[in-house]
Amino acid sequence: MHLAFDLIGELEKALRAAADAAGLEPGSFSPGVRTSDPRHGDFQANGVLAAAKRAGKPPQPIAKAVVAQLSGDILESFEVAVAGPGFINFSAKPAMLLAWLTAHRSSTELAAGASAAHRGETWVVDYSSPNAAKQMHVGHLRSAVIGEAVSRLLAFTGARVVRDNHIGDWGTQYGKLIWACKRHLDEEAVARDPIAEFERLYKVGNTASEADPKVMEEARNELVKLQAGDPENLALWQRINTASLAAFQLIYERLGIHFDETLGESFYNDKVTRVYTELAQGGISSQSDGAQVVFHPEHPRFKTQPMIVRKSDGAANYATTDLATILYRLEHFHADCILYVVDKRQGDHFEQLFLTAGKWFAKTGRKVPKLVHVDFGTVLGEDGKPLKTRTGDNIKLKDLLDEASERAYLLVTEKSPDFPEEERRQIAEIVGTGSVQYADLSQNRASDYLFSWDKMISLDGNTAAYLLYALARIRSIFRRHGLSCGDPAAEAGADVFQTPGEIALARKLVKFSDTLRLATETLCPHFLCLYLYELAGEFSSFYNADKVIVEDPVVRARRLLLCARTLLILETGLELLGLKTLERM
Ligand code: ARG
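The sequence shown begins at 46 in the numbering used here and counts up one residue at a time.
If you want it as structure tokens, here you go:
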């Protein structure tokens with residue numbers, strides 16, 4: 046008996062075949078398999094209900110007829126029962142659990158199984174994408190963390206992923222900034238902390254131009270000169286961007302983020318003309334008060350609120366660049382799908398962007414890639430307002446991660462005071478950063494969430510520390526007994542699971558495939574977090590109830606196998622979320 050990695054996919058295929066064999070009207074049956082509450086088996090199919098409705102017949106007999114046609118393979122692997130008004134419930138048999146776990150003993154085997162989902166597809170993921178000349182702050186956390194996890198999930202499920210950091214490196218802010226750089230730049234401050242100095246200079250430029258229309262005019266001229274390619278302004282601009290990227294890179298390293306491309310807005314400067322021409326020629330845009338705009342008459346708001354694709358002064362804007370970017374991603378990367386991991390407050394922008402790109406590409410006979418705004422809510426402080434420092438400033442991401450590491454150090458020291466200081470520091474950096482990442486990922490991304498140090502850096506509850514600890518504990522079981530995890534010799538001779546603890550854990554383990562599918566289809570990493578948390582809980586129950594290192598070699602082998610697979614899936618899951626793990630904690 047061997048079942049593929051994706052058990053739900055396997056069951057759906059088998060059910061479709063059985064429905065055909067049972068003579069159901071072709072196309073009337075879509076199996077709809079989901080994992081279910083373990084009391085009702087492991088998986089449940091609800092497709093019979095709709096099919097029965099369409100046929101105008103009672104569902105129970107139809108369900109029974111479908112079950113009677115299920116292949117021998119499926120019946121050998123699952124107890125199958127018809128329940129309620131035509132649900133089909135599947136409970137994995139212990140032998141099937143063992144077969145699945147034996148077939149998936151390494152991350153390569155897990156990945157091979159998972160990779161069927163998106164094989165051959167190219168997904169561009171646009172994430173992090175901060176604006177240059179400013180330090181990253183807490184508002185930049187979610188895009189970076191969620192974007193990285195989503196990219197890893199997609200790559201694991203077989204997609205070719207292009208991770209693209211669409212830096213905001215070309216905007217009106219440069220006029221004021223360059224104006225201030227030319228008059229107030231402090232070289233010593235740049236050497237100390239370039240971004241802090243550029244941030245200060247931007248404020249200087251902004252205040253001065255707001256106070257004095259003459260300065261405003263001068264700043265505008267600096268921008269025009271930059272856009273016209275003036276060498277002095279270009280050099281300054283380059284200097285600002287290089288320093289910004291270096292500062293961002295320090296944060297990305299701590300968060301385990303790697304980009305394939307860093308194509309900022311400026312990269313598209315010479316690519317916007319095609320946007321203007323094609324939109325105008327295709328009759329998609331119109332002129333309004335000197336600007337080139339796109340209305341969407343079919344939309345309740347965008348029929349009167351247009352998307353401006355070229356400002357009345359002839360300049361491009363955020364929307365123009367984003368349109369040029371889609372074309373580039375289609376032509377250059379052959380993107381099948383483009384994800385934008387951006388705050389939900391930009392929802393209108395992306396809705397208009399996708400509508401416009403759809404019409405534009407349809408008109409020009411291009412394939413329209415799937416465009417998705419992977420949106421997320423705001424990080425809130427204890428007062429329920431967007432998280433800020435006590436003085437009302439944005440909290441810098443660097444300070445936030447430093448504080449996480451400090452707080453984790455207290456936790457680690459309390460737990461393991463005898464570890465050398467240096468090791469406690471290293472553990473604390475991984476636990477601290479991981480806690481911030483995990484607290485973010487474990488929330489449904491669409492909602493706002495409350496930032497709480499006490500909840501996130503804790504060994505209790507659905508936290509990074511809890512999972513990292515559970516994982517380190519399993520690693521130590523193997524270490525203590527001189528075994529290497531996943532060693533076939535240690536698992537040889539394992540027989541089917543018997544105790545309730547073993548069976549419950551095995552049932553949870555095989556649902557990893559379904560969790561991956563769910564998290565990837567919805568682009569919601571929190572499903573994976575919840576699963577890992579529950580898995581760690583099942584492991585604890587098993588470990589408390591069933592001794593692993595026992596005399597009987599058969600019992601010992603199957604329990605070691607369960608330990609090894611729990612470890613493998615915890616490692617794989619945390620890696621997919623972008624967390625680093627620990628040998629001990
Ligand atoms: N730089 C933008 C901001 O900070 C985010 C860019 C998101 N990506 C995009 N292609 N629009 O708001």
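We treat Cβ as the ideally placed atom computed from N, Cα and C, and that holds for glycine.
Rounded to whole angstroms, what's the CA-CA distance from residue i to residue j? Just pull it up for me.
i, j, result
"L607", "L550", "8 Å"
"D87", "R552", "7 Å"
"P345", "V419", "22 Å"
"R629", "R525", "12 Å"
"F201", "G184", "28 Å"
"P116", "Q543", "Position check: residue 116 holds Ser in this sequence, whereas Pro was assumed. Straight-line Cα distance between these residues: approximately 26 Å."
"K109", "P139", "24 Å"
"S357", "F347", "19 Å"
"G203", "H163", "5 Å"
"A325", "A564", "40 Å"
"Q294", "P83", "45 Å"
"P130", "D559", "24 Å"
"Y313", "D51", "41 Å"
"A90", "V78", "4 Å"
"D444", "E166", "38 Å"
"G213", "T436", "27 Å"
"K227", "K441", "27 Å"
"K646", "A453", "Nothing about residue 646 can be read from this structure; the chain reaches only from 46 to 630."
According to DSSP, what are the bridge partners of residue i?
i, result
"R205", "T167"
"K441", "H182"
"E495", "Strictly speaking, residue 495 in this sequence is Leu, with Glu absent from that position. BP columns for L495 point to L425."
"P431", "L425"
"V631", "Because the chain in this structure spans residues 46 to 630, residue 631 falls outside the shown range and cannot be described."
"A336", "S333"
"K625", "Looking at the DSSP assignment, K625 forms no beta bridge with any residue, so it has no partner."
"Y172", "Beta-bridge pairing links Y172 to no other residue."
"D420", "V387"
"K415", "C382"
"E306", "D209"
Taking 8 Å as the cut-off, is the C-beta of residue i nearer than that to any heavy atom in ligand 1?
i, result
"Y219", "no"
"I302", "no"
"I475", "no"
"Q397", "no"
"Y385", "yes"
"H211", "yes"
"D118", "no"
"Y313", "no"
"T370", "yes"
"N362", "no"
"Q391", "yes"
"P175", "yes"
"H394", "yes"
"D305", "no"
"D647", "An answer regarding residue 647 cannot be provided, because it is not within the stretch 46 to 630 covered by the chain."
"D367", "yes"
"D171", "yes"
"D257", "no"
"D540", "no"
Report the CB separation of residue i from residue j in whole angstroms; it is logged as a contact under 8 Å.
i, j, result
"D305", "R390", "At roughly 27 Å, the Cβ-Cβ gap does not stay under 8 Å, so D305 and R390 are not in contact."
"V424", "R187", "7 Å"
"L48", "S122", "6 Å"
"I329", "A288", "With a Cβ gap of about 39 Å, I329 and A288 do not count as contacting."
Which of helix, strand or coil does DSSP assign to residue i?
i, result
"P570", "coil"
"I353", "strand"
"N134", "strand"
"C226", "helix"
"T80", "strand"
"F88", "strand"
"G359", "coil"
"D118", "helix"
"K348", "coil"
"E642", "For the chain, the structure presents residues 46 to 630; residue 642 sits outside this window and is missing."
"E596", "coil"
"G274", "coil"
"N489", "coil"
"M261", "helix"
"P71", "coil"
"G158", "helix"
"C530", "coil"
"H394", "helix"
"H341", "coil"
"W145", "helix"
"S289", "helix"
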